[in-house]
Structures are given as C-alpha cells and as structure tokens.
Amino acid sequence: MKKWISSVLIIIGIILIGAQFLPDILIKNRAKKSIEIVDEITVEQIEENNKKDGVYDYSSIEEVDPGNVITETYQFEDENVIGQLIIEDLGIDLPILKGVTDANMLAGAATMMPDIKMGEGNYPLASHYRKDPNLLFGNLLNAEEGMTVRITDKVNVYEYEIYETAIVPETALYMIEEGQAEERGKPIISLMTCYYTSKNGKRFFALGELVDSYPYRMKNTEERVGIE
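Numbering (our numbering), first residue to last: 6 to 233.
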C-alpha cells in the first residue's frame with residue numbers, strides 16, 4: 006500500500022512539474038506556426054484581413070496558465086494576421102494580429118486600438134510577458150533607447166527608434182491614445198506587456214518614434230523576410 010501511494014505521489018509530482026512548462030511549450034509551437042503563416046501570407050490577404058472588424062475584448066485577457074493556453078492557442082485565426090514585428094536586438098519576431106484577444110496575444114503582437122495604421126499616429130501593440138525571453142514579449146523589458154523596431158504589412162517597412170521605456174499603472178489608457186503621438190510630434194509605436202505579472206497592476210511600455218519607411222521586398226536567401 007505504501008509503495009502504491011509513493012508511486013502515485015511521484016506521478017502527481019511529475020505531472021505538476023510538467024504543467025509548469027506546458028504553456029511555454031504550446032506557445033513556442035504556436036509562435037512557430039504563426040511565423041510560417043507570416044512568411045506565406047500575401048499582400049492581398051493582409052489587406053482583406055485589415056478590412057475586417059477586430060475584437061477588442063480587454064476583459065478576456067487572463068494570466069497565462071495551462072488551461073487558457075490550451076484553449077486559446079487552438080482558437081487562433083489566420084484571418085487576424087496583418088503584418089510582422091521585428092526587434093532584432095531583443096530577438097523578437099512576431100506576427101501582428103488584429104484585435105485584443107487572449108488567442109492573439111498568445112500567438113503574437115495584438116493591435117490595441119481599432120482603425121490604426123502603420124506609420125501613422127500611435128500604433129499600440131501588446132503581447133504576454135513570459136519568463137522565457139524567446140517567447141512573445143518576454144524580452145521586451147530589456148528594451149533600451151536607440152533600439153530599432155520594424156513593422157511591415159508586406160507593402161512597406163516602417164522603422165521606429167525606441168526613445169523611452171516606462172512602467173505605468175494598468176489604468177494608464179492614455180499611453181495607447183493618439184495624444185501620445187501628437188505630443189511627440191511624430192508617428193510612434195507603443196509596445197506593451199505586463200511588468201513581470203498581470204497581478205501587480207503595472208504595465209511596461211517601450212515607445213518608439215518613426216525614423217524611416219521604405220518598400221518591402223522578399224529576399225532570395227535563407228534570411229527572414231524583407232526587413233533588414
């Protein structure tokens with residue numbers, strides 16, 4: 006009997022340990038598929054996706070756990086892909102997805118406001134923080150002034166330079182509004198993630214101003230797509 010109980014406890018322990026790593030494994034697999042979609046998607050598909058109404062359900066965003074990761078990663082829709090985000094200094098390479106949903110934020114960078122345009126006004130994007138710096142916005146907290154942020158819709162590439170990072174209360178909605186760009190006097194990008202956890206009421210922002218834009222082009226090499 007004691008041996009049986011001991012075996013059960015060992016199995017339960019293994020399951021509990023494995024459950025801690027399950028979300029990151031699923032997110033990593035989803036991210037890989039998402040990048041493949043970005044590689045294959047056409048300009049025409051992106052334009053069609055952009056015409057659709059995004060879902061902006063902030064109340065649906067939850068702390069990452071095995072339950073919601075399993076559910077939401079399978080609810081990801083290719084029709085939400087509208088571009089790509091790359092921050093080479095941080096190793097961030099994610100699809101840009103239209104709308105704020107848990108499924109979008111577990112697969113890439115989600116647009117936080119409707120009717121925003123790349124290279125114009127304030128372009129706010131959000132994704133989940135993970136301890137693994139290779140996942141989602143796990144490495145965003147290491148953003149520094151002067152780093153380059155690039156986004157593309159496969160027509161043009163928009164290049165921003167980070168000019169500020171900030172830790173603000175979760176109620177600081179002004180950070181994603183047009184007024185931030187007007188105050189800066191230039192189009193900006195606002196990248197947001199939780200400050201280590203969503204439970205402390207703090208959010209981290211990396212803010213960049215537009216410094217260049219140029220036509221997108223594919224490369225005939227094994228390198229990533231036409232964002233240099």
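Every residue, glycine too, gets a C-beta built ideally from N, C-alpha and C.
Values in this document were obtained by computation on a predicted structure and should not be read as measured data.
{"query": "Please classify R189: does DSSP put it in a helix, a strand, or coil?", "result": "helix"}
{"query": "Is K207 helix, strand or coil by DSSP?", "result": "strand"}
{"query": "Candidates G59, A112, E52, D107: which alpha carbon is nearest E41's?", "result": "A112"}
{"query": "Would you mind reading off the limits of the alpha helix (DSSP H) that contains V48?", "result": "48-56"}
{"query": "Are Y168 and L212 close, meaning C-beta to C-beta below 8 Å?", "result": "yes"}
{"query": "Tell me the rounded alpha-carbon separation between Y219 and N161.", "result": "6 Å"}
{"query": "Please look up how many angstroms separate the CB atoms of F210 and V154, rounded, as I've assumed it's under 8 Å.", "result": "Incorrect: roughly 12 Å between the Cβ atoms, too far for contact."}
{"query": "Are the CB atoms of L95 and L130 nearer to each other than 8 Å?", "result": "no"}
{"query": "Beta carbon of L99, beta carbon of Y165: below 8 Å?", "result": "no"}
{"query": "Grab me the residues of F142's own chain with a C-beta within less than 6 Å of its C-beta, minus the 5 sequence neighbours each way, in chain order.", "result": "S132, Y134, T198"}
{"query": "Grouping DSSP H, G and I as helix and E and B as strand, with all else coil, what is V162?", "result": "strand"}
{"query": "Tell me whether S218 sits in a helix, a strand or coil according to DSSP, three-state version.", "result": "strand"}
{"query": "Under three-state DSSP, which class holds A108?", "result": "helix"}
{"query": "Give every residue of the same chain whose Cβ lies closer than 6 Å to the Cβ of T170, excluding the five residues on either side of it in the sequence, and list them in chain order.", "result": "A148, A211"}
{"query": "Under DSSP, the beta strand (DSSP E) around Y128 begins and ends at which residues?", "result": "127-131"}
{"query": "Among the candidates A177, I87, K37, whose CA atom is the shortest distance from the CA of M123?", "result": "I87"}
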